[in-house]
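Novice: Sending over a structure as structure tokens; questions will come in a sec.
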Amino acid sequence: MNNTLIINMLRFVLLVITQILIFNNLNFLGFINPFVYVIFFYWYPIKGNRALFMLIAFLLGLVIDIFSDTLALNALASVTIAYARPAIMRFCFGVNYDFQSFSFKNTTKVQRITFMALLVFIHHLIFFSFEILSIAHILLILKKVFATGIVTLILCVLFSSLFSPKSE
């Protein structure tokens, strides 16, 4: 088996277990539950098969939904950010992303954190918009998006610095 495939399968399983057993049971300030599994979309290889990535994103969201009882909201948000990931990367990394030799090693920390922040906030905007499903509650949606998004982003940056290769 390919080493990258094994690493991604291990990340998938560990993030699902961590999300289900630890982070779904946290409840900061009564409404903040971080979604740390979003870091999978940051870690997934850049040159990976896009169709496979969309399928994996759906499965990741669906497994989280099954154990969280969230009616496919995570699957919807996961597939959305998996689909939008190339556009987000082009926005964050500019023309460098279009070249075949693109690597995270050649980017700044600010660019990587911006990329991760956009992934997190788009995921949370989709998730909470469909969870609440009312434009009359836009302030509640924004409160949840930003509060949960900031906590998720902090945890994802910490996980990234702890578990990513040192060459980044």
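Take the sequence shown: its letters are residues 1 to 168, numbered as in full-length UniProt numbering.
Note that the Cβ used here is the ideal one computed from N, Cα and C, for glycine as well.
It should be emphasised that the depicted structure is a prediction, and the values quoted were computed from it without experimental measurement.
(1) Less than 8 Å separating the beta-carbons of F53 and A82?
(2) Which one of K47, L158, Q19 has the shortest CA to CA distance from F67?
(3) Which same chain residues end up closer than 6 Å to I56 when comparing Cβ atoms and leaving out the 5 residues on each side of it in sequence?
(4) Helix, strand or coil, according to DSSP, for E168 in the structure here?
(5) If I follow the unbroken alpha helix (DSSP H) through Y83, where does it start and stop?
(6) Could you tell me how far apart the beta carbons of I126 and T80 are, in whole angstroms, since I believe they sit closer than 8 Å?
(7) Reducing DSSP to helix, strand and coil, say where I46 ends up.
(8) According to the Cβ coordinates, are V157 and I113 closer than 8 Å?
(9) Quick one: using the 10 Å Cβ neighbour count with 16 as the cut-off for buried, is S134 buried or exposed?
(10) Measuring alpha carbon to alpha carbon, tell me which of N24, I132, I17, T148 ends up nearest I120.
(11) Taking just the CA atoms, how far does F23 sit from V16?
(12) Which residue spans inside the segment 8-60 form an unbroken alpha helix (DSSP H) run of at least 4?
(13) Helix, strand or coil for L119 per DSSP?
(14) Rounded to a whole number of angstroms, what is the C-alpha to C-alpha distance between I132 and Y44?
(15) If you follow the alpha helix (DSSP H) that T152 is in, where does it begin and where does it stop?
(16) Since I believe P34 is in contact with residue 169 (beta carbons under 8 Å), could you give me their beta-carbon distance rounded to a whole number of angstroms?
Specialist: Checking against the coordinates, here is how it stands:
(1) Cβ distance < 8 Å, so F53 and A82 count as in contact.
(2) Nearest option by C-alpha distance: Q19.
(3) none
(4) Reliability of the predicted coordinates at E168 is poor, the pLDDT of 43 falling under 50, and the value obtained from them is presented with this limitation in mind. E168: coil per DSSP, three-state reduction.
(5) 73-93
(6) 5 Å
(7) When DSSP states are grouped into helix, strand and coil, I46 belongs to the coil group.
(8) yes
(9) By the Cβ-count criterion, S134 is exposed, with fewer than 16 other Cβ atoms from all chains shown falling within 10 Å of its own Cβ.
(10) At residue 120 the sequence reads Val, which differs from the Ile that was named. V120 has its Cα closest to that of T148, out of N24, I132, I17, T148.
(11) 10 Å
(12) 39-43
(13) helix
(14) 29 Å
(15) 138-163
(16) Here the chain comprises residues numbered 1 to 168, so residue 169 is not present and cannot be evaluated.
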